[in-house]
Structure formats: structure tokens, C-alpha cells
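Protein chains in written order, with our numbering: chain C, 101 to 189; chain U, 5 to 332; chain L, 440 to 938.
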Amino acid sequence: MSRVQIAFQDNDESRYIVAAIKQDNATAVVHYEPAMIRVENEGSLIIKRDTVSEQIGMEWDVQALHINLITLTGHIDEDDDYFKIMWNN
Amino acid sequence: MTIEIKTSTLKPIRNTYAHIERRFGDKPATRYQEATYDVHSTHNFHYKPLWDQDREINDPSRTAVVMRDWYDLKDPRQFYYGPYVQNRSKMQENAENNFKFFEKRGLGESLDSSLREKIIELVIPMRHAEVAANLNNMYGTAHGTGTAVTQALIYEAMDRFGNAQYFSKIGLALDGNTGDSLATAKEHWMSNPAWQGVRAYCEKTLTIKDWFEAFIAQDIVLDTLINDLYYRQFDEWLTQNNGRDLLLLMEFMQDRAKDSQRWSDSVLKVVVSESEHNANQVLAWISTWRIRAQEALEPLASALLGDKALADAFAVLEKRLTKVGLNC
Amino acid sequence: MSPKKLNLKDKYKLLTRDLDWEFSYEDRKEAFPYEEFEGIKITDWDKWEDPFRLTMESYWKYQAEKEKKLYAIYDAFAQNNGQTNVTDARYVNALKLFLTGVSPGEHAAHLGFAFTGRQMGGIGARVAAQMQSIDELRHIQTQIHAMSHYNKFFDGFDEFNHMHDRLWYLSVPKSFFEDARTAGPFEFMIAIGFSFEYVLTNLLFVPFMSGAAYNGDMATVTFGFSAQSDEARHMTLGLEIIKFLLEQHEDNLPIVQKWLDKWLWRGYRLLTLVAMMMDYMLPQKVMSWQEAWELYFEDAAGALFKDLERYGIKMPDYTDTIKQEKEHLSHQAWWIFYQYTHAAAFHTWTPSAEEMDWLSEKYPDTFDKYYRPRWELAAEMEAKGERFYTTGLPQLCQTCQIPMAFTEMSDPTQVSYRESIYNDERFHFCSDPCKSIFDNEPEKYVNAWLPVHQILQGNCGGGGLDKVMEYYHLDDGVANLDFEGSPDAERWKDWKGVA
């Protein structure tokens, strides 16, 4: 299976997003690099609005991840409540 | 190891980029200047476009308009990317609040049903006309000369796409988010006699080859008339006919049109005052397209506001043209 | 009654896809005249899947937020004279290469996506291309602004656009982007949208941005990461366009495969500049070119091509060559610039003993055998006051336009030469893939404005190097020549209070 990955700018808001990712993706691995937080997982990775909102302590819009996003690898599937990346193989 | 920075030696060795200095002198430049002037490639192109073998990839001859310096088309708003998105973001926030208020207060449900029908028939189909506006401006972005005008054209293009989405959202606000109004509006766009002239006009503009002609047909002729019909005359009509709530939802388009006109007035003025050749060419285009616009808009203006409305809108167009030195 | 809430997907469809209509008054082909000449067959634009679902409202909102943050950092950087915090003034030469070589490419991409954003028949694809177009405008403008402060304190930035259109090494990126812009809309989308912005993007951006982070350049890091978030959207567009074309009609497969083969190669050759930057221009190194290639191509593209296998797409044949070249590329490239730096707008230098040891470690099979001796000789000559600058002009590859310094992988001491005869004229190439690209479209490539040919024809100011330098707006002893003794180096010493 191939790995997907997503990278964020290393700032306050991203840390909440990453915490939420760890909560919802048990096997995800987090790498801290200069100014960047990179998360990898086998096959797919999901970011759930509810989890991030809970972490932040207020309503979070899934599309707000565009502000902190650096790059990603994989196909995207997004809706109001989630943002998912995955490979089809 | 401590490093001592001798601040007295930290004097800049130059104030700005060389091409900016050549234009404006040896002094600090504005961000608009650095982002805009002389950004387009002008020399030594490698290949001929497969889709236009007679011209270079960047080629001033893609329009009949001739400018000694296309960078004379400075945007009075001085929009480069940052100020543009920040400006529209503020307007967007306002619009978002307006739509939320409209929904929260059930203003859609309490709207008079014949007024609702009228909006769906005669306003919502604008969402399709705005697609043509988006494409006509994007055409100029791709083929125009000099970043001064091409960047303003892409801001206009994306604005018009935003308009299309706002008109769609008005529909959703009126039909309880079912999308039914949009389906009905599309039927009107496709077959209601009130719209066929405008639709034909729009389709025709999409076949124009000269990008400045497209700007004239769209941003000057059609838009001046439509803006007057909808954002002045119909605005007044709504105010007098229990439609004030709808003005909340049209505020973005109205404010944006005003802002955009500052720019398009300026483009027209600079091009026309450059030379008799330009003035004559622009006049020729205006003559052709205003006749088409007259024919196209008659049924729509009539249905929307009555028989006098279009003449009033044309008076506004005349005034605009006179102001920039064009007497038709 | 409270309104039923449409989900993101449905709402987005009503706000975009549904806006277009079937023409009745004009022939749609008049409005979209370039859709068919490339041989691509589209049977149903409705099958286009929107790669991301950003309304204009959201676009303005989130991009404005990013812009506020970005410019706050630019202001802070300028106010604090952040340029004095980079590891070493040598590093700034990587930025000069970026502004003169890459930034104008952003502008070219902006115009190219504006073209496809107008010309494609499907509104979903047009919207995505248009958003990419305005994003690319954002990139060129934010890069110009990021570099603006560096331009005030270092040489080599101030004529970036004049030079991009004229200098011998800058025709490499210039011709790359012009090749894409002069192609049809679908080739452009595969060339830039897919090959460049999806497959190869991490190889351009991560090295430059990580290089910036490792070398104390806050302005560039911030720009880079802010721009990369736009890139995430661009990547999804690239992936969608190739899937869409392959799913639309089986006749599209050979055309798309040919484009992939051409554009991955042209992109790879363009990345030569990045390879050299990573291995030779960063005082604080991030990783070697070889490591970057392994991580960002061999691993990542591996997964991608596995995905595309189902359509019949194959990895290009030359990936084995690239694998071998990764141990040679940066060394050969830096050598080109080292000897021609008198005619370049950035400085070069011999690697230090420490740097050579790093290179030995990263390239155990090639550096000590083929390249260390060269650098040691160069250092010797420099010590004697005979810093080597070549006096000839290089032969350029007709396709990629890089000087012909690449070698055969079967024998790295032999320069790789290929040629083709077309209309009784002989054309030269650095490799088999560059030759194939030419052979497939000779009519296109014979027109290339090869800088060295143009100099020899007298089209670059005149008959001597001094005239050419004038034509380039390159003042001798300012932005050119070795880093040692340059005005940049002297100023740096001054700022740092060292002798």
C-alpha cells in the first residue's frame, strides 16, 4: 500500500489540526521539520471537522486548512465535515 | 560568538529594481509598481504558438489598439494580488452576513410570491450572463499586453465568476436551498423571449478575436447598460415595491460594479486619448456593439422595468463615453 | 421552515457546473476553437470531478488571510534587516537564480492557465485553471516582493526580467515555459498542471524552501510555505486532468503518454539548476540532490504511476538514465557555472574542503573519482591568482538549451552528443530524450532562440564579450565572477564586522 502525506506550516492552529489527525488516524506518523509539520499514513488519512473543532475549542471550517497547508500527496475527497486523502491502489 | 552589526554600514545599495528605477527614478518603489511594471516577457521568444502560428506568444498585435506603452494603463485602484483579495474579502464578509441575516430572519419565505417569480425569471438568469463576462475578461488576461491591464482583467474575470455565484445564492435563498429556482432560471435563460437577445449577445462576444474589442463589448457596452438597469433602476424599483430585503443580497454586485468602473473608465480614457487611431477604432466597436446591445436588451429591460428603462440606461452609457472623450 | 442545508458537493455543483449552457446562437466551436486540434477526444465534460471545491467567496477569504500573514513577515524582515541573518552571503546566490530563473516562469504559468481557463469547454476545468492562473500571479508578485529587500543589499536581482529574456542559462527555464504556453490547451495542462505541478513540484519547492529554512532566510521560507498551500490545490488539478483525459477516450492514451514522456524529461532537465543549488550553493545543506530525487521522485512518483497503471500509462523509459545521472548531475552543472560565471548574474566558488567531504559522503561512487580532482585543481589555480574562467562559448542542446556538459552514463568521461538532420541542417542534443522531443516536433524546435547562436550571429549587442555583457545589462565586477572579492562578499564582511 502507498503512503499519503500532508504537511502544514508549524504554527498554533496547525498543531490543533495535527492533534486531531493523530486522534482519528491511529497509525499516522508525525515529523517535525524546520517551519513544517509533516504527517504520513498508509493508504489514507482523514481530517474531521468535529475533532479539530473539539481540539481548538470553537467551530472550525474544514476549508480553513487551506491557510496552513503546505503540500499533500494523494487523491482528495472533501465535504463539509471532513477532508480525506488517499490512494486507489 | 557575538556578531556586531554595524548599522551605519547597512545602507541599501539601490532603492528598487532597475526597470522600476528606469521608469520612476532612483527612489523606493511602491509594491504596486514592483508587482506590475515590465513583468511581461517582451523579447526573444522561442516557439510560435501552435494555435496562432502568425504571432509570437506575447504579441501586441492581438489587438488593433496601439499603445506606445501598455503600462500607461495603470489601475487607479493600484490592485496587485494582495490588495485585491483583501478588498474582496471584506466585501465578501459583508455579503456573507447579509445572506445569513436574510436566511435567519426568514426573509425568503416572507417575500411576496409574485416578486419571487419576477426575481427568478428576470434576475437569477444573470448567473449565466456572468459566465460570459468571466470568459471575456479572462481572454484579455491571456492575450493582452503588459501586466498593468492583464492583471486587472483577471481580477475582473474572477469578480464576475463571484457574481455568478452570488446570483446563484440568491436563488438558493429564495427556494429554501433546493436548487429549484436555479433550474427554473436556467429554463428562462434558455427559452424565455426576455433573455434570448442577451444570451445571443453573450454567445457572440465569446467569438470575438480581438481582446480589446471583447473588453469594449463586455465591460463597456453591455455592463454599463446592465449595471444601470439592475443596480440603479431596478434597485429603485425594489425599494418602491416591497423588495428592500433583496437589496441586501445584491449589495456585493452593486458595490463591486462601482469599484470596477473606476478601472474600466480609466482604461478607456487612456486608450482613447492615446491617438486618433485608437479613438476611431474604439468608436467603431462601440457603434457595432451598442446596436446589438439595444436589440438584445429591449425585451429584458421592458419586462424588468418597462419601456422607458433602456433609453435611460443608454443615456448613462452616453454620459460615460462623453466623459472619456468619445462622442457617438 | 428552516432551509435544507445542501452539502458541499451539491452546493458547489449548483454554484459552478450548472452555470454553463448549450449554445444556440453561435457555434460553440467558434467560442472554443482549440479543443480538437491536438487530437484529444472529450466525450462528456460532465464526468470532470472538481479537484477542490472552493467558491470565489472562500477563495477571497482564505487567500486574504494568507496575504495578511505573509506581508506582515515581509515587513518584519525588512524592518529587522533579516538579510543579515542568513548563514552566509553565498546563500543569496540561490535566491538570485530563483528570481531570474523561476519567478518569470510563474508569470508564464499565470498566462498559460489564463489561456486554458478561457479555452477549455468544461466549466469545472476552466474554474480550476482560472484559480490556478490567479494563484500563479500571486506567486510572481509575492516573489518580487520577497526579493525586493534582498535586491536593496545584494547584486544580481535588479535586472531579473531583462535578463530572463536574454541570458544564456535563463533560456533554459524561459524555453521550458514557452514550450508549454505555445502548445495546445490540453498539452499545457499535462505539461504544467500534471508533470510540473504534480510530479515534479516537490523537487523544486522543497529544496529551495528547506534551503531557505536551513540558512536563516525567513522571508523565503514564509513565501515558500504560503505558496505551497496554493500548490496543494494545483496538484489536485494536475491529477484530475490526467485521470479525466485518460478516462474520456482510449485514443487519448498515446497522446497523453507522449506528453508525459516529453514533459517529465524537460522538467527533469530544468531541475538541473535545483540539483546544483542543493549540492553546491547552500552553506547549510538540507540533503543531497540524490536523496531529494529518491524521496520526491522514486518514492512518491512510484506510488503515482502505480495508480495510473490501470489506464495503460507507463513510467517513461529514461527513468533509468535519470537514476544513474543523479550521482553526476549537480557536479557537472556547477562546473558549467563555475567556468562561465564571468557571464552570469550570480557568483560561484570552489567548494571548501569540508563541503567536498560532504559531497564524498553523499556521492561515494562518483565524487572522488570524477569531480574532486577538478575542484582541487580549480582551487589550486585560484590560490595562484589564476582563477579559471573559460574563454569559449558552449554548445547548447537544441531542446533543453543547457550547455552540452552531460556525459554518457556508460562512461562519465565522455560528453554525450546526439544529433538530427532536419531540412539539411544539423541539430545537436545532450541526450536521447532531448533528441526524441525534437524529432517529434522539429518544426517547433528549429525556431528556438539559442543564446549562443544568437551571440555568434551578432544579435546580442555585437562581436565581443563586452558588447554581450552590455546587452545582458551585466556590469563586469558586480553581479558576476567568483564570490571571493565580489562587492556582495565585501559588504557581508562589513556588516558582520569581520576583516
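Ideal placement from N, C-alpha and C gives every residue a C-beta, glycine not left out. Quick caveat: nothing in here was measured; it's all calculated off a predicted structure.
Please check if any C-beta of chain L sits within less than 8 angstroms of the C-beta of residue i.
| i | result |
| --- | --- |
| H192 of chain U | no |
| A164 of chain C | yes |
| E178 of chain C | yes |
| T67 of chain U | no |
| S12 of chain U | In this prediction, S12 of chain U scores a pLDDT of 49, lower than 50, which makes its location untrustworthy; no coordinate-derived value is stated. |
| L186 of chain U | yes |
| L145 of chain C | no |
| R131 of chain U | yes |
| W55 of chain U | yes |
| S167 of chain C | With the sequence shown as reference, residue 167 of chain C is identified as Ile, and Ser is not the correct amino acid for it. So yes, I167 of chain C belongs to the interface. |
| E142 of chain C | no |
| A22 of chain U | yes |
For residue i, decide whether its Cβ has a neighbour in chain C, counting only Cβ atoms nearer than 8 angstroms.
| i | result |
| --- | --- |
| F647 of chain L | no |
| R492 of chain L | yes |
| T526 of chain L | no |
| S668 of chain L | yes |
| V541 of chain L | no |
Residue i CB to nearest chain U CB: under 8 angstroms?
| i | result |
| --- | --- |
| F462 of chain L | yes |
| L576 of chain L | yes |
| E929 of chain L | no |
| K591 of chain L | yes |
| M440 of chain L | Here the model assigns M440 of chain L a pLDDT of 45, short of 50, so the residue's position is not dependable and the matter cannot be decided. |
| A630 of chain L | no |
| T621 of chain L | yes |
| Y510 of chain L | yes |
| H584 of chain L | yes |
| S572 of chain L | yes |
| W499 of chain L | yes |
Please classify residue i as buried or exposed, where buried requires at least 16 other C-beta atoms within 10 Å of its C-beta.
| i | result |
| --- | --- |
| P80 of chain U | exposed |
| H770 of chain L | buried |
| L895 of chain L | exposed |
| Q244 of chain U | exposed |
| M440 of chain L | With a pLDDT of 45 at M440 of chain L, under the threshold of 50, the modelled position of this residue cannot be trusted; read the value that follows with caution. The residue is exposed, with fewer than 16 neighbouring Cβ atoms inside 10 Å. |
| D489 of chain L | buried |
| M158 of chain C | exposed |
| S65 of chain U | exposed |
| I295 of chain U | exposed |
| L889 of chain L | buried |
| E461 of chain L | exposed |
| N168 of chain C | buried |
| F785 of chain L | buried |
| A198 of chain U | buried |
Hey, residue i and residue j are a contact pair by Cβ (cut 8 angstroms); roughly how many whole angstroms apart?
| i | j | result |
| --- | --- | --- |
| E545 of chain L | Q522 of chain L | 22 angstroms between Cβ atoms; not a contact. |
| V328 of chain U | D239 of chain U | No, V328 of chain U and D239 of chain U are not in contact; Cβ-Cβ is about 25 angstroms, not under 8 angstroms. |
| Y464 of chain L | R203 of chain U | 7 angstroms |
| Q96 of chain U | W499 of chain L | 5 angstroms |
| Q258 of chain U | L454 of chain L | Going by Cβ atoms, the distance from Q258 of chain U to L454 of chain L rounds to 20 angstroms, so no, they are not a contact pair. |
| I629 of chain L | W702 of chain L | 7 angstroms |
| F602 of chain L | Y911 of chain L | Rather than Phe, the amino acid found at residue 602 of chain L in this sequence is Met. About 6 angstroms separates the two Cβ atoms, so the contact holds. |
What I want to know is whether the C-beta of residue i ends up closer than 7 angstroms to one or more non-hydrogen atoms of the ligand NAD.
| i | result |
| --- | --- |
| T20 of chain U | With respect to small molecules bound, the structure shown includes none, and the ligand NAD cannot be examined in it. |
Worksheet item: Would you call the region 912-923 of chain L and the region 610-624 of chain L in contact, with 3 or more CB pairs under 8 angstroms?
Response: no
Practice prompt. Starting from the N-terminal side, write out each stretch of the alpha helix (DSSP H) that is 4 residues or longer and does not extend beyond the region 559-640 of chain L.
Written response: 562-592, 599-603, 610-621, 624-627
Discussion item. Does the structure place the region 633-645 of chain L close enough to the region 668-688 of chain L that three or more beta carbon pairs sit under 8 angstroms?
Written reply: yes
Worksheet item: Pairing CB atoms from the region 471-483 of chain L with CB atoms from the region 554-565 of chain L, are three or more of them under 8 angstroms?
Response: yes
Worksheet item: When the Cβ atoms of the region 193-211 of chain U are set against those of the region 131-144 of chain U, are three or more pairs found closer than 8 angstroms?
Response: yes
Fill in: Segment contact, 8 angstroms Cβ cut-off, at least three pairs: the region 175-194 of chain U with the region 145-157 of chain U
no
Worksheet item: Would you call the region 760-780 of chain L and the region 712-732 of chain L in contact, with 3 or more CB pairs under 8 angstroms?
Response: yes
Worksheet entry | Within the region 834-862 of chain L, ranges of the beta strand (DSSP E) (whole runs, at least 3 residues) | 857-861
Practice prompt. Only counting runs of 4 or more residues, tell me where the alpha helix (DSSP H) segments fall wholly within the region 684-729 of chain L, in order along the chain.
Written response: 691-709, 711-715
Worksheet item: Which runs of the alpha helix (DSSP H), 4 residues or longer, sit entirely within the region 497-567 of chain L?
Response: 531-536, 542-558
Practice prompt. Return the chain-ordered ranges of every alpha helix (DSSP H) run that is complete within the region 75-123 of chain U and spans a minimum of 4 residues.
Written response: 85-108
Worksheet item: Are three or more beta carbon pairs between the region 746-763 of chain L and the region 682-699 of chain L nearer than 8 angstroms?
Response: yes
Discussion item. Quick check on the DSSP output: what are the complete alpha helix (DSSP H) runs of length 4 or more inside the region 18-66 of chain U, in order along the chain?
Written reply: 22-28, 35-40
Worksheet item: Is the region 183-195 of chain U in contact with the region 287-302 of chain U, if contact means three or more CB pairs nearer than 8 angstroms?
Response: no
Discussion item. Measuring CB atoms only, is the region 137-151 of chain C touching the region 122-129 of chain C, in the sense that at least three cross pairs come out at less than 8 angstroms?
Written reply: yes
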